[in-house]
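Encoded as structure tokens, the structure appears first; notes follow it.
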Amino acid sequence: MKHLQDTDATPLAEAFGKTTSLVLGQPFDAARAFYAMAARVGMIENSLLGSARFGHYIHSLEMLALGPWARQV
């Protein structure tokens, strides 16, 4: 019986985790893009503080929703 070669699964697991994180993060990226578009067209006030608050809120929501798969900003 032929023995399987020892393979290092760490890079594969890291790649899978990164891909999962990116795919699950798409709705949060879309929310950031919609916020920026709304600010550009004048639907909401174009403010650095407002943008920072929104970014912090979205990041917190992503951490809450995705847990270990959330991206670190």
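Under the working numbering, the sequence shown has 20 at position 29, and the numbering climbs by one with no breaks.
Heads up, the beta-carbon is just placed ideally off N, CA and C, and yes, glycines get one too.
(1) With a threshold of 8 Å, are at least 3 pairs of Cβ atoms found where one atom belongs to the segment 53 to 64 and the other to the segment 4 to 12?
(2) Could you say which of G33, D20 and R31 lies nearest to G46 if we only look at CA atoms?
(3) Judging by CA-CA distance, which residue of A4, Q17, L3 and P2 is the nearest neighbour of A56?
(4) Since I believe I49 is in contact with R23 (beta carbons under 8 Å), could you give me their beta-carbon distance rounded to a whole number of angstroms?
(5) Spatial neighbours of L52 within its chain, please: C-beta separation below 8 Å, excluding the five flanking residues on both sides.
(6) Below 8 Å on the Cβ atoms is my contact criterion, and I expect I35 with A29 to pass it. Report the Cβ-Cβ distance as a whole number of Å.
Quick look at the numbers:
(1) Counting C-beta pairs with one atom in each stretch, the segment 53 to 64 and the segment 4 to 12 have three or more that are closer than 8 Å, which means they touch.
(2) Position 55 of the sequence shown, counted from the start, is the residue given in the question as residue 46. Ranking G33, D20 and R31 by Cα distance to G46 puts D20 first.
(3) Residue mapping note: residue 56 aligns to position 65 of the sequence shown, counting from 1. Checking every option, the nearest Cα to that of A56 belongs to Q17.
(4) What you label residue 23 is simply residue 32 of the sequence shown in a count that begins at 1. What you label residue 49 is simply residue 58 of the sequence shown in a count that begins at 1. The pair is a contact, with the Cβ atoms about 6 Å apart (cut-off 8 Å).
(5) Looking up residue 52 in the sequence shown gives position 61. Excluding residues within five positions, the ones whose Cβ falls inside 8 Å are F19.
(6) Within the sequence shown, residue 35 is the residue found at index 44, counting from 1. Within the sequence shown, residue 29 is the residue found at index 38, counting from 1. Between I35 and A29, the beta carbon gap of about 5 Å places them in contact (Cβ cut-off 8 Å).
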